[in-house]
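See structure below.
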Amino acid sequence: MKELVIGLGSNLGNREWNISEAIRLLSLEFGPPLKVSSLIETEPWGFNSDYAFLNAVALFSPVVDSEASSAELLAGFMRLLFQIEAQLGRNRTKEGYADRTIDLDLLFYGDTVLCHPELTVPHPLLHKRGFVLIPLMETCPDLVHPVLRKTTRELLETLNTKE
Numbered sequence: 013m014k015e016l017v018i019g020l021g022s023n024l025g026n027r028e029w030n031i032s033e034a035i036r037l038l039s040l041e042f043g044p045p046l047k048v049s050s051l052i053e054t055e056p057w058g059f060n061s062d063y064a065f066l067n068a069v070a071l072f073s074p075v076v077d078s079e080a081s082s083a084e085l086l087a088g089f090m091r092l093l094f095q096i097e098a099q100l101g102r103n104r105t106k107e108g109y110a111d112r113t114i115d116l117d118l119l120f121y122g123d124t125v126l127c128h129p130e131l132t133v134p135h136p137l138l139h140k141r142g143f144v145l146i147p148l149m150e151t152c153p154d155l156v157h158p159v160l161r162k163t164t165r166e167l168l169e170t171l172n173t174k175e
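As structure tokens, then:
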């Protein structure tokens, strides 16, 4: 079974509750998480804000329709992530990066690679984001990025040498 890796972030409202509730709602669809990282506090990335983020990573092993293509499965996963974001008060009317109650990113689905105008898996910016790599390092340090062919550990080391 392929593992589904979700990045979670929140910088508005009760950030811990937002992330905890998102994990609970994801669990209703995917079953209990295999692993959940610790929460880390980070500065906003890509925009200015007075509100710091809490970030985490959760791994799930969803039971899926074996007849569905990877693209169909991933599109369904994304619809669910958007539904949960909306349920938890995320407003997507503003273009670009903005403060949010919850942000759910599909980081990996096993070694699946998908490049589509509306969805790219693995997440195309994860290797540039410490707020993703640090919790990912805690949960799966030896996970190999299927495009970059580097482990989480190697990606984080590369990021740290650039900063």
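In terms of this note's numbering, the sequence shown is residues 13 to 175. Heads up, the beta-carbon is just placed ideally off N, CA and C, and yes, glycines get one too.
When you compare only the Cα positions, how much space is there between residue i and residue j?
i: glutamate 15; j: glycine 122; result: 5 Å
i: cysteine 127; j: valine 133; result: 7 Å
i: alanine 80; j: glutamine 99; result: 26 Å
i: leucine 131; j: leucine 137; result: 12 Å
i: arginine 208; j: serine 78; result: Since the first and last residues shown for the chain are 13 and 175, residue 208 lies out of range.
i: leucine 93; j: valine 76; result: 16 Å
i: leucine 40; j: asparagine 30; result: 16 Å
i: glutamate 166; j: lysine 140; result: 12 Å
i: leucine 71; j: valine 48; result: 6 Å
i: valine 125; j: arginine 91; result: 18 Å
i: proline 129; j: proline 153; result: 29 Å
Starting from residue i and walking both ways along the beta strand (DSSP E), at which residues does that stretch end?
i: phenylalanine 65; result: 65-72
i: glycine 21; result: 16-22
i: glutamate 53; result: 52-54
i: leucine 131; result: 131-133
i: leucine 126; result: 126-128
Just to confirm, are residue i and residue j a CB contact at a threshold of 9 Å?
i: leucine 116; j: isoleucine 146; result: no
i: valine 69; j: threonine 173; result: no
i: valine 17; j: leucine 118; result: yes
i: glycine 19; j: histidine 135; result: yes
Apart from the five residues just before and just after residue i, which ones in its own chain have a Cβ nearer than 6 Å to its Cβ?
i: phenylalanine 143; result: Thr54 and Asn67
i: glycine 101; result: Thr113
i: glycine 21; result: Phe65, Asn67 and Asp115
i: arginine 11; result: No statement about residue 11 is possible, as the shown extent of the chain runs from 13 to 175 and does not include it.
Return the chain-ordered list of same chain residues with a C-beta closer than 8 Å to the C-beta of residue i, the five sequence neighbours on each side being excluded.
i: isoleucine 96; result: Ala34, Leu37, Leu38, Ile114 and Leu116
i: serine 73; result: Met13, Lys14, Glu15, Leu16, Phe42, Gly43 and Leu46
i: leucine 155; result: Val17, Phe120, Leu148, Thr163 and Thr164
i: tyrosine 109; result: Pro56, Trp57, Gly58 and Phe59
Would you verify that the beta carbon of residue i is, or is not, closer than 9 Å to some beta carbon of chain C?
i: asparagine 30; result: No chain C is part of this structure, which consists of one protein chain only.
Assuming residue i is part of the alpha helix (DSSP H), what are its boundary residues?
i: valine 144; result: 142-151
i: phenylalanine 120; result: It is not in any alpha helix (DSSP H) - phenylalanine 120 instead sits in the beta strand (DSSP E) that spans 115-121.
i: leucine 86; result: 82-99
i: tryptophan 29; result: 27-42
Please return the same chain residues whose Cβ sits closer than 7 Å to the Cβ of residue i, not counting the five positions on each side in sequence.
i: asparagine 23; result: Pro56, Ser61, Tyr63, Ala64, Phe65, Asp111 and Arg112
message: Check whether the stretch 157-164 and the stretch 55-63 touch, using three or more Cβ-Cβ pairs below 8 Å as the test.
response: no
- prompt: Any contact of the stretch 82-90 with the stretch 45-54, i.e. 3+ C-beta pairs under 8 Å?
  reply: The stretch 82-90 vs the stretch 45-54: no contact.
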